[in-house]
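Shown next, in structure tokens, is the structure this report addresses.
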Amino acid sequence: MEARVPSRRERLRAEASQEIKAIALRLMTEGGPSAISLRAIAREMGMTAGALYGYYATRDDLVNALIAEIYSALAGKEEAARDAVPEDDPEGRVLAVGEAFRDWAVSRPEEFQLIYGDPLPGYQAPEGGAAADAEHRACAVLTGLVADAWPHASKRLSDDGYDWADFDPGFAAVIRGEFPDLPPAAVALAMRVWGRMHGLVALEVYGHLRPQVLDPGRLYRAELLDLTKTLGITPADRAR
């Protein structure tokens, strides 16, 4: 069965929607989160505010669409990087995903800031929908790496007493649905791994590393290698 070819009207609408999102990200980069305004975008595109509302009824609808698209793109890059490394090389897969995350963040700082920076004033994220689904997909990449490493990592970590009651019920339900055999201690480890991956990248994106460090990528690589030791998945660890 042949795929349906979008009509000219549909193609023009999709192009306009992409332009709206691109302008929104640039406005945020230039003026901060509060600079995202449907009226400002309409003026720049030569449209009336009413015409723009035909694409996004509210600013929050636009932000939701942006977040969903950004998380989906990030998850896709991380999944591709992970899958390019054989499953029997867990260290290589962690390094590949970590590098993919940093490459995306430093090349698209405005997108990083939208989903990981200060919250937009007055913005209320919906409980479900495309944005939440895309965020869960990105989260699942890292959680999956920790799940694969858990048989090794669990031998190196002391019992920290974590229970599912220590996590948000909604978050716990999602994790338990996708990784039914993963214990709460492994989820806590995944959060710690995420914090370490995110920390240096955030410092770099916000300009706090460059004055002191000439090669942030080298520093980040060292942190990733140390993470693989924490997870017990270096070749030497797995040979024991």
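Residues in the sequence shown are numbered from 2 upward in steps of one, following my numbering.
By construction, the Cβ of each residue, glycine as well, lies at the ideal position given by its N, Cα and C atoms.
Inter-residue distance for Val-175 and Thr-235 is about 29 Å (C-alpha atoms, whole angstroms).
Taking 8 Å as the cut-off, the beta carbon of Ala-126 is found closer than this to the beta carbon of Ala-132. Between Arg-157 and Gly-99, the CB-CB gap reaches or exceeds 8 Å. Secondary structure of Gln-114 (DSSP, three-state): helix.
Within the same chain, Leu-232, Gly-233, Ile-234, Asp-238, Arg-239 come within 7 Å of His-153 by CB-CB distance, once the 5 residues on both sides are set aside. Per DSSP, Ala-186 is one residue of the alpha helix (DSSP H) stretching across 185 to 206.
Taking C-alpha positions only, Arg-27 is separated from Val-107 by approximately 15 Å. With fewer than 16 other Cβ atoms inside 10 Å of its own Cβ, Gly-178 counts as exposed. In the structure shown, the three-state DSSP call for Met-29 is helix. In the displayed model, Ser-159 falls within coil according to three-state DSSP, outside both helix and strand. The Cβ atoms of Tyr-207 and Ala-189 lie no closer than 8 Å to each other. In the structure shown, Asp-227 adopts helical secondary structure according to DSSP, grouped into three states. Within its own chain, the residues whose Cβ lies closer than 7 Å to the Cβ of Val-194, once the five positions on either side in sequence are excluded, are Leu-143, Val-147, Leu-228, listed in chain order.
Sequence-distant Cβ neighbours of His-137 in its own chain, meaning closer than 6 Å and more than five residues away, are Val-175.
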